[in-house]
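Inspection log for the structure reproduced underneath, given as C-alpha cells.
Residue numbers (our numbering): 303 to 658.
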C-alpha cells in the first residue's frame, strides 16, 4: 500500500455541468484532502523517528554505555575516599553532597541500579539510636491504616499538629468522595437516554463503514477469480481492504474503492445524502484521531528523540556528529578524573572549588 496516495486515487466529488457541489460534498472533499495531508506528514515523521531511533541504538548507545560506566566508577571511587580519606568535616560534607547528586542522576536517568544502595546510604543516613523509634512509629502507622483507614506518613507522627492536619485532610477527602459518588449516580440516570441516542448514531456510522467493506470484499474475493495472476492481485488487494477495515481507516477504504472499482465518479455521485452525512462524520472523526496522533509527536515519548536527532538529512547528520563528539569528550574527561582523584591532594583541591 503506498504511503501517500496519488491524487487520482483520492475520492473527490467534481461539479457536474451547470451544478455546484452541495455543502456535504464540499465537506467530504475537504475532509479527504485534510486526511491525505495528515497521513503524509505522519508517515514522514514516523520514518524520520524510526531512522533516528535505529541510529541512536547503533551510534549513540555504545558511547552512552561507556560514559555511564566511567561515571559509575568515579562515584564508587569517591565513595571510597569519603569513608577512607582523612578529610575535614566541611570537605566531607561537600563530598557527600556531590556523591549523592551524581548517584541520583545515574540511578534515575541512566538506570545504573548498581548505585541504588549507595544512593540510599547518602540520601537517608539512619543513626543507630533511631531504629527503635522508627519501629514504634511503623507499628502506629500500620495500626492507623488497619483500624481507621488513614494513610499517615511516619514523619507526621512526630508532629501532632501535622498529624491532626493529615487526619482532617483525609476525612475531608473521604466526604468529598462520597458526595462525588452521589452526584455521579444522579447524573448516570440522566445520561442513559443521551447514551442511547449516541449508540444509535454510532451504529449507523459503523454500518456505513461495514457496507463499504462488504462491497469491496465481494468485488475482490479471490475465490471467484480463475486467472492465476488476477487471483494473486485480488489476494493482495483484499489484504489492504481488510487491514483498513480493522484499523477503522474509513479514508483508506474510500481510497481503495477509487483505486479498485471502475466508474469511481459515478459511485460517489450515487451516494445518498443521508449516507454521505455519515461518511463526512466518519472522516471528521478520523481527522481528530490523526491530529491527536500528530500532537503525540510533539508531546509524547518520541518528542525528545525527534528534537535531539530528527530533522532533514543534513540536520540529522549535524545532530549525530555533535552528540558523538560530546560523548567522546566526556569519556576522555572521566578517564582523566578517575586517575586524578586517586590523589587525595587533588581531591581536596576539587572539593575546595565546590560551593559550601
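All C-beta atoms in this analysis are idealised placements derived from N, C-alpha and C, irrespective of residue type, glycine included.
Which runs of the alpha helix (DSSP H) spanning at least 4 residues fall entirely within the stretch 338-393, listed in chain order?
Within the stretch 338-393, the runs of alpha helix (DSSP H) at least 4 residues long that lie entirely inside it are, in chain order, 363-386.
Simplified DSSP state of residue 315, which is helix, strand or coil
In the structure shown, residue 315 adopts coil according to DSSP, grouped into three states.
N-terminal and C-terminal residue of the alpha helix (DSSP H) that residue 622 is part of
Looking at the DSSP string, the run of the alpha helix (DSSP H) that includes residue 622 is 615-642.
Between which residues of its own chain and residue 575 is the CB-CB distance below 7 Å, once the five residues before and five after are set aside?
Counting only residues of its own chain and dropping the five nearest sequence neighbours on each side, residue 575 has a CB closer than 7 Å to the CB of 326.
Which class does residue 336 belong to by DSSP, given the choice of helix, strand or coil?
In the structure shown, residue 336 adopts helical secondary structure according to DSSP, grouped into three states.
Return helix, strand or coil for residue 478, following the three-state DSSP convention.
Looking at residue 478 - three-state DSSP - the assignment turns out to be helix.
Cutoff 7 Å; reference residue 346; Cβ partners in own chain excluding five residues on either side
Leaving aside the five residues that flank residue 346 on each side, none in its chain has a CB nearer than 7 Å to its CB.
Just curious, the alpha helix (DSSP H) that residue 655 is in, first and last residue?
Segment 646-655, the alpha helix (DSSP H) holding residue 655.
Please state if the CB of residue 518 and the CB of residue 570 are separated by a distance shorter than 8 Å.
8 Å or more divides the Cβ of residue 570 from the Cβ of residue 518.
If I'm right that residue 585 touches residue 553 with Cβ under 8 Å, what's the distance once you round it to whole angstroms?
Right, their Cβ atoms sit about 6 Å apart.
For residue 390, is the classification buried or exposed, using 16 other Cβ atoms within 10 angstroms of its Cβ as the cut-off for buried?
So residue 390 counts as exposed.
For a test of the three-state rule: what should DSSP assign to residue 433, helix, strand or coil?
Below a pLDDT of 50, predicted positions are generally treated as unreliable, and residue 433, at 48, falls in that range; no measurement from the model is reported.
Distance, Cα to Cα, residue 608 vs residue 354?
Going by the C-alpha atoms only, they are around 7 Å apart.
To the nearest whole angstrom, what separates the beta carbons of residue 589 and residue 324, a pair I think is in contact under 8 Å?
Contact flag wrong, Cβ pair sits at about 20 Å.
Assuming residue 586 is part of the alpha helix (DSSP H), what are its boundary residues?
Start and end: 575-601.
Are residue 640 and residue 402 close, meaning C-beta to C-beta below 8 Å?
No, the pair does not count as a contact, with Cβ atoms beyond the cut-off.
Do you know offhand how far residue 398's Cα is from residue 350's?
Going from the Cα of residue 398 to the Cα of residue 350 covers about 43 Å.
Whole-Å CB distance - residue 340 paired with residue 619, under 8 Å assumed
About 28 Å; that fails the 8 Å criterion.
Less than 6 Å between C-beta atoms, sequence neighbours within five positions excluded: which residues of the same chain meet that for residue 418?
409, listed in sequence order.
Looking only at its own chain, which residues have a Cβ that is under 8 Å from the Cβ of residue 565, when we skip the five neighbours before and after it?
Per-residue confidence for residue 565 stands at a pLDDT of 49, beneath the threshold of 50, marking its modelled position as unreliable; no derived number is given.
In the structure shown, what three-state DSSP assignment does residue 411 receive?
Of the three classes helix, strand and coil, the one that applies to residue 411 here is helix, per DSSP.
Starting from the C-beta of residue 537, find all residues in its chain whose C-beta is less than 7 Å away, skip the five residues before and the five after it, and write them out in chain order.
By the criterion of a C-beta distance shorter than 7 Å, residue 537 is surrounded in its chain by 524, once the five residues flanking it on both sides are discounted.
When the Cα of residue 377 is compared with those of 421, 367, 363, which residue comes out closest?
Nearest Cα to residue 377 within the set 421, 367, 363: 421.
Going by DSSP in three states, residue 538 sits in which element: helix, strand or coil?
In the three-state scheme derived from DSSP, where H, G and I count as helix and E and B as strand, residue 538 is classed as helix.
In whole angstroms, what separates the C-alpha of residue 560 from that of residue 416?
A straight line joining the alpha-carbon of residue 560 with that of residue 416 spans about 59 Å.
Report the rounded CA-to-CA distance for residue 329 versus residue 530, giving the unit in angstroms.
Looking at the two C-alpha atoms, the distance is approximately 41 Å.
Where residue 322 sits in the DSSP three-state scheme
DSSP, reduced to helix, strand and coil, places residue 322 outside both helices and strands of the structure shown, so it counts as coil.
Count the other C-beta atoms from every protein chain shown that fall within 10 angstroms of the C-beta of residue 388, then say buried if there are 16 or more, exposed otherwise.
By the neighbour-count rule (16 or more Cβ atoms within 10 Å), residue 388 is not buried but exposed.
Spatial neighbours of residue 320 in its chain, beta-carbon cut-off 6 Å, leaving aside the 5 residues before and after
Once the five neighbours on either side are set aside, residue 320 has no close Cβ partner at all.
Nearest-angstrom Cα separation, counted from residue 577 out to residue 516
Distance between the alpha carbons of residue 516 and residue 577 is about 15 Å.
Straight-line CA distance for residue 645 to residue 356?
Taking the CA atoms as reference points, residue 645 sits about 41 Å from residue 356.
To the nearest angstrom, report how far apart residue 643 and residue 407 are at their CA atoms.
One C-alpha to the other measures close to 20 Å.
Buried or exposed for residue 582, going by 16 or more other Cβ atoms inside 10 Å?
Answer is buried; the Cβ neighbour count reaches 16.
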